[in-house]
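2 protein chains.
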Amino acid sequence: MHPQIKEPTTRNAKNTFKAIEDAAYEVFYKNGYHGTTIADITNRAGVAAGTFYLYFPSKLVLYQHILMSLSHDIRKEIAAKVSRKETRYEKEREGIKTFINYALERPEMYNIIWESLYIDRELFRDYYADFAKRYKRGLEEAAAKGEIRSLDSEVVSYVLMGITNFIGLKVVMDLGEGNENVDAIVNVVMEILDKGLFKKHRDSSGK
Amino acid sequence: MHPQIKEPTTRNAKNTFKAIEDAAYEVFYKNGYHGTTIADITNRAGVAAGTFYLYFPSKLVLYQHILMSLSHDIRKEIAAKVSRKETRYEKEREGIKTFINYALERPEMYNIIWESLYIDRELFRDYYADFAKRYKRGLEEAAAKGEIRSLDSEVVSYVLMGITNFIGLKVVMDLGEGNENVDAIVNVVMEILDKGLFKKHRDSSGK
DNA sequence: TGCTAACATGAATATATATTCAGTTTGTGA
DNA sequence: TCACAAACTGAATATATATTCATGTTAGCA
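Those protein sequence lines, which keep their order, are chains S and U.
The opening position of the first sequence corresponds to residue 0 in numbering that gives the first Met the number 0, with each subsequent residue numbered one higher.
The opening position of the second sequence corresponds to residue 0 in numbering that gives the first Met the number 0, with each subsequent residue numbered one higher.
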């Protein structure tokens, strides 16, 4: 928990705190950080403007609080699903699928994480650096077992994050246009990861 | 040119206009859209605040103007380089390499394009939709020639954009930490695209 | 040299909104 | 039932900054 946040102690105060958090999720998503005012948040939460400052010292700290809770949540969800699979191949498929479904069901979270690049660059950087680190670990284990080819695992992790994030972006942007067949999309991605994009060209030593 | 922008006519006015544009590039990059004020721009350009409004009706229109010019520029650069290559394989390698080098040399452009998701969602969406459309065309030609495998070209184009953008992101975030060996990074990416990530697992019909 | 239109100025205006604070209500333990 | 702290209120404050406008300056031409 952010050190500057004052935790509520009584039952009523806990409800108030939660109402502010919930309102913030909704409004930050809908209108972005700069597009939402403290008044938007407190109105939606049904409390007075001053009440906000009983718990949070500033709008920025609230944003950071929400961002951290989001990123924790999305990582937990992916880790839980992935750990149930045996092979790296199956883990990868599951991770991509989970991420896309997450983006589809709660586009707000996804959106808020990207916006952080322009609100709190450190937090954004840390989020992806940490994500990459976990990814690397998994990839290196898989390489040690001979499940995947030996390639720079840092670069590979950004390749995989890039694919997942952009496919998620596409799905979110297309929301409501009926392109939500996640399995079909994941199949295409796995085809590429499994066999490559290119048909064999010239000699296999390449150019 | 944006219809609300008033073009300068005289030699001096052209210089003033250019100075405002140049200042805006720098400052938008450095501090983001919300972090820069009209005063920041006009101070850096060496003109009075009011002068800004001789040419641009608002800060938003200036931002849109700059974003469009950036996205035009980056696409032009990639298209020019790619068109010199023969095979899809070589074109892909060149496109990725050009994009990363672009991000490395002018991180501001790259940065501004992503921020647009939170400033002008339509413009952002259009930018990527258009990028994807061009990509699709190239991929479909390559598929017709048998250079690449037949897969949903829309999904493939987002996979490739995702890879490129995230590798670009990594390179920009790491700037100054000596990880700027673009060729080595591109090689890893091409390895994956060429031969896949996974070693052959079980039977090739897959799961 | 004087005229005119384009160009430029920067102080003043208008507005938005994050944050404060003096006062009020509420719940709880004695 | 009282006392007190915690919780809450919302009008007032403070600040930032996009935009306007009355006024001045310049360049080129008759």
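Every residue gets a Cβ at the ideal spot worked out from N, C-alpha and C, and that includes glycine.
### Query
Quick one: is SER57(U) buried, meaning 16 or more other Cβ sit within 10 Å of its Cβ, or exposed?
exposed
### Query
From ALA48(S) to ALA128(U), what distance separates their C-alpha atoms?
41 Å
### Query
Contact check, LEU66(S) vs ILE111(S) under 8 Å by CB: the rounded distance?
6 Å
### Query
So which of ILE118(S), VAL187(S), ARG74(S) has the shortest CA-CA distance to ILE162(S)?
VAL187(S)
### Message
Just to confirm my understanding: we take GLY195(S), look at its own chain, exclude 5 residues before and 5 after, and list those with CB closer than 7 Å. What are they?
### Response
none
### Query
Looking at the structure shown, is ILE4(U) part of a helix, part of a strand, or coil, going by DSSP?
coil
### Task
Residues of the region 126-154 of chain S with a CB closer than 7 Å to any CB of chain U: list them in chain order, please.
GLY145, GLU146, ILE147, ARG148, LEU150, ASP151, VAL154
#### Entry: Beta carbon of MET172(U) nearer than 8 Å to that of ARG136(S)
no
### Message
Using beta carbons (cut-off 8 Å, strictly below), is ILE95(U) in contact with chain S?
### Response
no
### Query
Between which two residues does the alpha helix (DSSP H) carrying SER115(U) extend?
From DSSP, SER115(U) is part of no alpha helix (DSSP H); its letter is neither H nor E.
### Task
Please report the residue range of the alpha helix (DSSP H) in which GLU85(S) lies.
No alpha helix (DSSP H) contains GLU85(S), which DSSP labels as neither H nor E.
### Query
What residues from the region 112-125 of chain U come within 8 Å of chain S, judged by C-beta to C-beta, listed N to C?
TRP113, GLU114, LEU116, TYR117, ARG124
### Query
Just how far apart, CA to CA, sit TYR88(S) and GLU146(U)?
25 Å
### Task
Confirm, please, whether the CB-CB distance from THR97(S) to LYS80(S) is below 8 Å.
yes
### Task
Count the other C-beta atoms from every protein chain shown that fall within 10 angstroms of the C-beta of LYS90(S), then say buried if there are 16 or more, exposed otherwise.
buried
### Message
Given this structure, state the Cα-to-Cα distance separating LYS5(S) from LEU116(S), to the nearest angstrom.
### Response
26 Å
### Message
With DSSP as the reference, identify every bridge partner of ILE147(S), one or two as the case may be.
### Response
PHE197(U)
#### Entry: Nearest to GLU190(U) (by Cα), restricted to the options LYS169(S), LEU174(S), SER152(S), LEU168(S)
SER152(S)
#### Entry: Between the CA atoms of THR15(U) and TYR52(U) - distance to the nearest angstrom
12 Å
### Task
Could you list which residues in chain S have their beta carbon closer than 9 Å to that of ASP182(U), in chain order?
Ordered by position in chain S, no residue passes the 9 Å Cβ test against ASP182(U), which lies about 12 Å from the chain.
### Query
chain U partners of VAL188(S), CB-CB under 8 Å?
VAL154, VAL158
### Task
Could you list which residues in chain S have their beta carbon closer than 8 Å to that of LEU59(U), in chain order?
Those do not exist, as LEU59(U) stays about 12 Å from chain S at its closest Cβ, beyond 8 Å.
### Message
Among THR8(S), LEU61(S), LYS198(S), SER156(S), whose alpha-carbon lies nearest the alpha-carbon of ASP21(S)?
### Response
LEU61(S)
### Message
Short of 9 Å Cβ to Cβ, which residues in the region 16-49 of chain S face chain U?
### Response
GLY31, TYR32, HIS33, GLY34
### Task
Kindly indicate which three-state DSSP category GLY34(U) falls into: helix, strand or coil?
helix
### Query
Taking Cβ-Cβ distances below 9 Å as the criterion, which residues of the region 53-82 of chain S are in contact with chain U?
none
### Query
Distance, Cα to Cα, HIS71(U) vs VAL26(U)?
20 Å
### Query
Distance, Cα to Cα, ARG10(S) vs LYS29(S)?
29 Å
### Query
Listing by chain order, which chain S residues have their CB less than 7 Å from the CB of MET172(U)?
ARG124
### Query
How about MET108(U) and LEU69(U): do their beta carbons lie closer than 8 Å?
yes
### Message
Assuming contact is defined by CB atoms lying nearer than 8 Å, are GLU46(S) and ALA18(S) in contact in what I supplied?
### Response
Checking the displayed sequence, the identity of residue 46(S) turns out to be Val instead of Glu. In contact: VAL46(S) and ALA18(S) (Cβ atoms closer than 8 Å).
### Task
Run the CB neighbour count on ILE99(S), radius 10 Å, all protein chains shown included, and call it buried at 16 or more, exposed below.
buried
### Task
Could you check what DSSP says for SER156(S) in three-state terms: helix, strand or coil?
helix
### Task
Tell me whether THR35(U) is buried or exposed, calling it buried when 16 or more other Cβ atoms sit within 10 Å of its Cβ.
buried
### Query
Thinking just about the alpha-carbon of each residue, which of LEU138(U), HIS1(U), VAL181(U), LEU159(U) is nearest to the one in ALA102(U)?
VAL181(U)
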